[in-house]
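*Asks:* I have a structure I would like to understand better, so I am pasting it below and will then ask my questions one at a time.
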Amino acid sequence: MATRRCIQLFIYFLATCSSLADSVSSPVSITLFFICLFCFLLILPNDFFLLFQVPVNKFLMQSYYDRYTILHDSDFDNFMSQAIPSGSSCGFVLRLSDLKRTLIGEGSHRSVSTLIKFQTQQLKCELLSYSCEFIIIERLPSGVFADPFELQHLVHRGIFSDVAVFGDTNLELPSFLSNRSAVEIHLLVDPNILQEPTDIKMELPLHARYQPLNESGYSTVEFGAPDMLVRCGTKGKVENHYCFFKLEKDDANLYGPHTVWRIPSGIKAHADLVSAATFIAALLSTLAIVVASLYYSNS
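Numbering (the numbering used here), first residue to last: 924 to 1222.
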């Protein structure tokens, strides 16, 4: 309601300035108009300017893809250095102590399990005044993809607070025709657990794309360590201050940071045989359908 009054007052003020400026010469009227406008802006409340702020994207990867069209590690590292401030403005520091990565399952449908252990170095603040969430960004190689519909089921079950897939989400493309994709996972965290060393474990279901032919019958896909961030906002305050920082992996104990997935693929030497067998099977199936159609149409 206060903001609405400010807008109305702003309109009335501009109209008064314009009427006053019309009664004097042109150079003086322009100068008088801008003086009036400047004086009015000085007395405006702060919440008036919130109307003109650009809304912040809910997902960090959305901001990346607003600037870039394809996921490249160099572009992403440059984006992160500009988007995430160095250090922590929250008044506390989370230090990553251990990061363990493993692959669960067999075949073309597996899950990447991530165990994150960290310690809190509390400074001059009350952690209970914050509402925090962890943001984990998985930059997937081109040989695998995450199903957005499957991940939304995990959100509905309360496993993730929110999740989104960015990049190439065409699930039918083979790996040699697809671009890389990224998964951004949000996990709400109770500030109480940040007062003591704790850990977070999650599993991300992934699916293999069709791999190119090779001689070994397998293609290897390698996963790097995920990007982990913390975003906190103060509770019960009008300004709703946010702080945002990245968990550094340099000083942590890493277990399996370069996880390798051996995905079954076709053997190049068998290509001619498989093509011939597929053609014969398709031809016989077509002939069977034609014969069955003619037989039943006559009867």
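For every residue, glycine included, the Cβ atom is placed at its ideal position computed from N, Cα and C.
1. Indicate whether Leu994 and Gly1090 have their beta-carbon atoms separated by less than 8 Å.
2. Take Ser986 as the anchor and find which of Gly1028, His1193, Val1112, Ala1087 has the nearest alpha-carbon.
3. Within the stretch 1055–1132, note down every full beta strand (DSSP E) run reaching 3 residues or more, in order along the chain.
4. Counting only the same chain and skipping the five closest in sequence on each side, list residues whose C-beta sits under 8 Å from that of Gln1075.
5. Excluding the 5 residues flanking Pro1097 on each side, which residues of the same chain have their C-beta closer than 6 Å to its C-beta?
6. Could you check whether the stretch 1200–1211 touches the stretch 1141–1148, counting it as contact only if at least three pairs of C-beta atoms, one from each stretch, sit closer than 8 Å?
7. With 16 other CB atoms within 10 Å as the buried threshold, where does Ser1216 fall?
8. Going along the chain, which unbroken runs of the beta strand (DSSP E) with 3 or more residues stay wholly within the stretch 1171–1198?
9. Does Phe1057 pass the burial test, meaning 16 or more other C-beta atoms within 10 Å, or should it be called exposed?
10. Apply the 10 Å Cβ neighbour rule to Val1153 and answer buried if 16 or more other Cβ atoms are within range, or exposed otherwise.
11. Rounding to the nearest angstrom, what Cα-Cα distance links Gln1042 and Glu1119 in this structure?
12. Run through DSSP, which three-state label would Phe999 get?
13. Using the three-state DSSP reduction, which class does Gln1005 fall into: helix, strand or coil?
14. Tell me, please, which residues DSSP counts as bridged to Gln1134.
15. Along the chain, where does the beta strand (DSSP E) containing Ser1142 start, and where does it finish?
*Replies:* Taking the definition as stated:
1. Yes, they are a contact pair.
2. Ala1087
3. 1085–1090, 1104–1112, 1121–1131
4. Val1086
5. Arg1132, Tyr1133
6. no
7. exposed
8. Whole beta strand (DSSP E) segments, 3+ residues: 1176–1178, 1182–1187.
9. buried
10. buried
11. 7 Å
12. helix
13. helix
14. In the DSSP output, where bridge partners are listed per residue, Gln1134 has none listed.
15. 1141–1146
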